[in-house]
Amino acid sequence: MKFKKAQAIIIIFAILWVIFIGWGVVRTTVRRLSKKGFSAKETASGQARPSADPSLPIKEPSENVKARPVLVRTLRATPIDFSDLLPVMGTIKGSTEIELRFEINGIIKSIYFREGAKIKKGDLVACLDSKDAQLKLNYAKNKLASMQAAYQANLKKVDIHQKLYEAGVIIKSRLEEVMLESESAKFQVETVRAEKDLAE
5 MKFKKAQAII IIFAILWVIF IGWGVVRTTV RRLSKKGFSA KETASGQARP
55 SADPSLPIKE PSENVKARPV LVRTLRATPI DFSDLLPVMG TIKGSTEIEL
105 RFEINGIIKS IYFREGAKIK KGDLVACLDS KDAQLKLNYA KNKLASMQAA
155 YQANLKKVDI HQKLYEAGVI IKSRLEEVML ESESAKFQVE TVRAEKDLAE
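Heads up, the final residue of the sequence shown is numbered 204 in the numbering used here, and it's a clean run with no missing numbers.
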């Protein structure tokens with residue numbers, strides 16, 4: 005019993021749905037035909053026909069039917085020169101690329117070329133501010149002079165300790181200790197001399 009009631013409700017709902025959809029289709033068709041679909045021009049038999057069919061004879065529209073204006077956009081054609089160019093973004097690289105850099109760090113003082121200019125091997129392209137390099141050189145020279153003075157003082161100390169050892173005042177290990185200090189001072193002088201050469 006319950007199954008038959010549910011079946012009857014579904015059938016009634018389906019019939020109403022079909023009627024509703026059919027009514028909407030008919031209404032939409034009538035509206036479209038009355039507005040635009042067929043032209044107001046009629047054939048000799050009195051039936052409306054699509055305005056795009058040129059094979060049928062056309063009767064002039066009656067006075068009570070107004071022709072609707074159609075908006076048309078037009079452009080004036082003029083001859084122009086055409087070149088087929090494709091603008092794209094990219095990077096142009098040369099067949100040979102050379103990285104330019106200085107042997108030491110510093111601040112660039114002057115640049116002697118412009119972008120795109122041709123330069124030859126050996127041309128001066130840029131120079132650094134020499135103030136920083138000059139300060140480093142002066143520091144290295146002063147450090148070398150100080151180390152040389154310390155080395156000379158150690159040599160004199162070795163001479164004094166040598167005489168004291170020969171006189172039997174000090175033991176041999178003390179003399180060897182002073183001689184090792186002198187050797188260390190000599191190596192420090194050589195290191196600072198290399199730093200000065202690098203600064204130059």
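Glycine included, each C-beta is placed from N, C-alpha and C at the ideal position.
Indicate the three-state DSSP secondary structure (helix, strand or coil) for L168 in the structure shown.
-> L168 sits in a helix when the DSSP states are folded into three classes.
With which residues is A130 paired in a DSSP beta bridge?
-> Per DSSP, I115.
What residues in its chain sit with their C-beta under 8 Å from that of A137, if we drop five residues either side in the sequence?
-> Cβ neighbours of A137 beyond the five flanking positions: I108, G110, A203.
Hey, V129 and Y116: beta-carbon distance below 7 Å or not?
-> Contact flag set, yes.
Let me know the secondary structure DSSP gives Y155 once reduced to three states.
-> Helix, per DSSP.
Excluding the 5 residues preceding and the 5 following E199 in the sequence, name in chain order all residues of the same chain whose CB lies nearer than 6 Å to its CB.
-> Closer than 6 Å at the Cβ level, and outside the excluded window around E199, lie A144.
Indicate the three-state DSSP secondary structure (helix, strand or coil) for K124 in the structure shown.
-> DSSP places K124 in coil when its eight states are reduced to three.
Cα-Cα separation between K45 and R35, rounded to whole angstroms | Note that K45 scores 45 on pLDDT, short of 50, meaning its location in the model is unreliable and no value can be drawn from it.
Under three-state DSSP, which class holds R31?
-> Here R31 sits in helix by DSSP.
By how many angstroms is the C-alpha of K113 removed from the C-alpha of K135?
-> Distance between the alpha carbons of K135 and K113: 10 Å.
For V196, count neighbouring C-beta atoms within 10 Å of its own C-beta (all shown protein chains included) and say buried if the count is 16 or more, exposed if not.
-> With 16 or more other Cβ atoms inside 10 Å of its own Cβ, V196 counts as buried.
Check the C-beta distance from V182 over to Y155 and give it rounded, since I have them as a contact under 8 Å.
-> Actually they do not touch by this definition, with Cβ atoms about 13 Å apart.
Excluding sequence positions up to five away, which residues of its chain have a Cβ less than 7 Å from the Cβ of Q152?
-> Excluding residues within five positions, the ones whose Cβ falls inside 7 Å are V193.
Own chain residues within Cβ distance below 8 Å of T78, not counting five before or after | Listed in chain order, the non-local C-beta contacts of T78 below 8 Å within the same chain number zero, local neighbours out to five positions each way being set aside.
Could you tell me the boundaries of the alpha helix (DSSP H) in which R201 lies?
-> One detail in the question is off: residue 201 reads as Asp in this sequence, not Arg. From DSSP, the alpha helix (DSSP H) with D201 extends over 176–203.
Given a cut-off of 7 Å, decide if N158 and S186 are closer than it, judged by their beta-carbon atoms.
-> Cβ atoms of S186 and N158: closer than 7 Å.
With DSSP collapsed to three states, give me the class of I84.
-> DSSP places I84 in coil when its eight states are reduced to three.
Classify G98 as helix, strand or coil using the three-state DSSP reduction.
-> In the structure shown, the three-state DSSP call for G98 is coil.
When you compare each of R105, F191, E101 to L132 by their alpha carbons, which one comes out closest?
-> Of the listed residues, the one whose Cα sits closest to L132 is R105.
Between L148, E170, I164, which lies nearest to F191 when the distance is taken from Cα to Cα?
-> Of L148, E170, I164, the smallest CA-CA separation from F191 is found for L148.
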